[in-house]
Each structure stands twice: as structure tokens, then as C-alpha cells.
Amino acid sequence: MADETEQSQKTEPASEKKIDDAAKKGDVPIAADVRQLAMFGAVLALAAFGLDLTGDRIGRFAISFWGRAELFTLGADGGRALISALLAHLVSMLAIPLAIAMVAVGVAGAAQGRLLVSATRIKPQLSRISPLAGFKRLFGAEALVQFAKTLLKIVVVGWVIAMLLPDVATLIVADTPFVGALAHRIAALVNKLVWGVVIATAAVALIDLIWVRLSWARRQRMSREDVKNEHKSMEGDPLFKARRRAIAIERSRRNTMAALERATVLVMNPTHFAVALRYDHAVGDAPLVVAKGIDSLALAMRTRAQETGIEVVEDPPLARSLHATVEVDQRIPPELFEAVARVITMIMAADRDFKARG
Numbered sequence: 001m002a003d004e005t006e007q008s009q010k011t012e013p014a015s016e017k018k019i020d021d022a023a024k025k026g027d028v029p030i031a032a033d034v035r036q037l038a039m040f041g042a043v044l045a046l047a048a049f050g051l052d053l054t055g056d057r058i059g060r061f062a063i064s065f066w067g068r069a070e071l072f073t074l075g076a077d078g079g080r081a082l083i084s085a086l087l088a089h090l091v092s093m094l095a096i097p098l099a100i101a102m103v104a105v106g107v108a109g110a111a112q113g114r115l116l117v118s119a120t121r122i123k124p125q126l127s128r129i130s131p132l133a134g135f136k137r138l139f140g141a142e143a144l145v146q147f148a149k150t151l152l153k154i155v156v157v158g159w160v161i162a163m164l165l166p167d168v169a170t171l172i173v174a175d176t177p178f179v180g181a182l183a184h185r186i187a188a189l190v191n192k193l194v195w196g197v198v199i200a201t202a203a204v205a206l207i208d209l210i211w212v213r214l215s216w217a218r219r220q221r222m223s224r225e226d227v228k229n230e231h232k233s234m235e236g237d238p239l240f241k242a243r244r245r246a247i248a249i250e251r252s253r254r255n256t257m258a259a260l261e262r263a264t265v266l267v268m269n270p271t272h273f274a275v276a277l278r279y280d281h282a283v284g285d286a287p288l289v290v291a292k293g294i295d296s297l298a299l300a301m302r303t304r305a306q307e308t309g310i311e312v313v314e315d316p317p318l319a320r321s322l323h324a325t326v327e328v329d330q331r332i333p334p335e336l337f338e339a340v341a342r343v344i345t346m347i348m349a350a351d352r353d354f355k356a357r358g
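For the sequence shown, the positions run 1 to 358 when UniProt numbering is used.
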């Protein structure tokens, strides 16, 4: 009951830090049935592309076996020779399919989340040998879901086998004179079986994937108190502070560049300070500071202004004064009217001359 009460208080989604911490401990939502589906899918693809080849190889091996039957006597040497021949042929046939199936399983696991090697998952834990924890594992919701998935697999695979029984019976009583033809029929039957298993596994894998992700997200949920404590612990973390500062700088940079689009003129220092002014002659109010920046941001503002056709005026004293005394979204003070008026007048005169020449 205590666990249920505690879980009911966890109403907040997991933070990025908690997700990262869980991943470091090896706790990631991986659906095992998705990996099984990838393995069976790889086998099915190989069967589809190499079915005839596999049948031919089985047939050739059977023919060569019967053609050398005198080598495989009932004695110890003959038994060893027979086993060696069978093993060599099986290895040559199954090596590539098994390798591809293993790669498919790895890819399916990687596609579901980050691949991290964690010693926490294999470290001995008392909770794993606790009778109460074991009882919960046996009769909890997770165990019921696993039982339902297993039952579904048995039902579907049993149905597939039942559908294939007539083919098996036909194969048993078939009077096929050629070993190669018999091998092809066996391979075709195996292909049908794999198809059925893939379909069954796909249905279960979809259910498993949804369940694993939902149950994992539920386990990772946090209470409001957990969120507060995490924020407090992260306040003193230098990495968190640096990251938060970088995010704030980038957000400020984007806002500055967006505000620059509304400017009439950009006053520069020429490299250390930049102040963007907007003046609307029809309104008649004092010019408004829409953006400002220093150093690298000032240079970026100059580049953007030149790209968008905003006039750039180099006036170091005015740029320093505007940057020091006027905040963004404030109008210039009266003591700077005259200096700013000269800049605005110069721009308007240059614009009139340009239009007259055009």
C-alpha cells in the first residue's frame, strides 16, 4: 500500500536529468519482443532470398552423403566422420544467417534507445532476493502482461502449426524420388512456419513496445517534491549553470536578431558596440532602441544588417552612449536627440538621393 500511495503522488513527467540518470543505470525502455521480431524478420528475409539456394545445398549434401555411404560405417571412426560432416555442413549453412540475426537484434535494441553499458544492472541487490519483491514480480501487473503475451504467442504459433499439419502429412507420405526436390519442399514448409512466427511475434511485439514504454514512463514519474528537490540540487551544479547560461545567451541572441529586422539604422562602435534604432517619421516620436549587443553579437548584428539592407553608421561616441544609457524598448533621452537626429537626417538624405538617381 505504501508503494501504491507513493506512486499515486508522482504526477509529474520525468525530467531530462532523471531520464539520463536512469539510462546510466541501464534502465531504458527496451521491448524484448521487438528484438525477437527483428531476428525472425532477418531469418525470413534470408529464407525469401535464399530459399532455392538452401534447398539446393541440402539436396547436394544428401546426394553426396549417400554417394559416400561406405565412409560412414557403424564403427567409432565412421560415427565421428558422420558427425564431423554434419557439423561442418550445418556451420557453413547457418553461420551467415545467425550472424545477420544477431546484427538485427542489436539494431532493434539500438533503435529503441541509447546503448549504454551499466554495471548497476548486474550488481547484486537485496531487493532481488526479497520474498516480498519476488511475490510482486510473480503476481504483479508486469507478470500478468508477460503471461498474456506468452499465451498469445502459444495460441498464434499453435494455430500456425495446425494450419501446416496437412502439409506435414503430405510431406511424410510423399513418394519423392529426388532428394533435392524433397529438400525444397522441406525448405518451403519451414518458410511458411517462419512467416507464421513472424506474424505472431509482430502482434506481440507491438503490444510489448507500447506496454514497456508506458510502464517505464510511469515508473519514472516524479512527485512535485521530487521536482523541487531536483531543481535545488541542480542549482549548485556548475555544468547545469553553464548549460542554463548558454541557453539564455542563445535565446537572447535569437531575440536580438529578430528585433533587428525592425530597425531603421544600426549605430556601431565599429566592432565592440552595436545599437539598433527604429524611427517612424509619420509618428514623430523619439527613436526607439529595438536591440543592442557587444563584441561577437555586435559583429553578428552588423552582418545581419548588411544582409537585410539596414543602414549601418559608425559613430563610436554615440554607440557607447546609447548602449550605456538606453535599454531595449526604450526611447532615447533628450540629451542624445541632437546626435541621433544627425544620423537619421543623414540616412534620410542618402535615401532621397538614391531615389532621385533611380
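Note that beta-carbon positions come from the ideal geometry of N, C-alpha and C, so glycine has one too.
Owing to the predicted nature of the structure, the values given are computational and were not obtained by experimental measurement.
Considering only the beta carbon of each residue, do residue i and residue j sit closer than 7 Å?
i    : j    : result
V34  : A104 : no
V313 : V265 : yes
V267 : D315 : yes
V194 : L152 : no
R304 : M257 : yes
A200 : V157 : yes
I344 : Y279 : yes
L277 : P270 : no
L98  : A202 : no
E311 : I347 : yes
Identify, in the order they occur along the chain, each residue of the same chain with its Cβ nearer than 7 Å to the Cβ of residue i, setting aside the five sequence neighbours on each side.
i    : result
F273 : I294, A298, A319, R320 and H323
M222 : K10, E12, A14, S15 and K18
A339 : L318
A95  : none
R253 : L297
Q330 : V289
Residues in the same chain with beta-carbon distance under 8 Å from residue i, minus the five sequence neighbours each way, listed in chain order, please.
i    : result
L189 : L164, D167, V168 and L171
F337 : A286
V328 : A259, V289, V290, A291 and K292
K232 : none
Using C-beta distances below 6 Å, list every residue in its chain close to residue i, excluding the 5 sequence neighbours before and after it, in chain order.
i    : result
V212 : P29 and A31
R219 : none
W216 : P29
Just checking my contact of residue i with residue j at CB under 8 Å: how many whole Å lie between their CB atoms?
i    : j    : result
V43  : A101 : 6 Å
R262 : V290 : 5 Å
F40  : V198 : 5 Å
K292 : I207 : Contact doesn't hold; Cβ gap of about 57 Å is too wide.
DSSP state of residue i, grouped into three classes?
i   : result
T11 : coil
I19 : helix
Let me know the beta strand (DSSP E) ranges lying completely inside the segment 245–331, each 3 residues or longer, listed in chain order.
Listed in chain order, they are 265–268, 273–278, 288–294 and 311–314.
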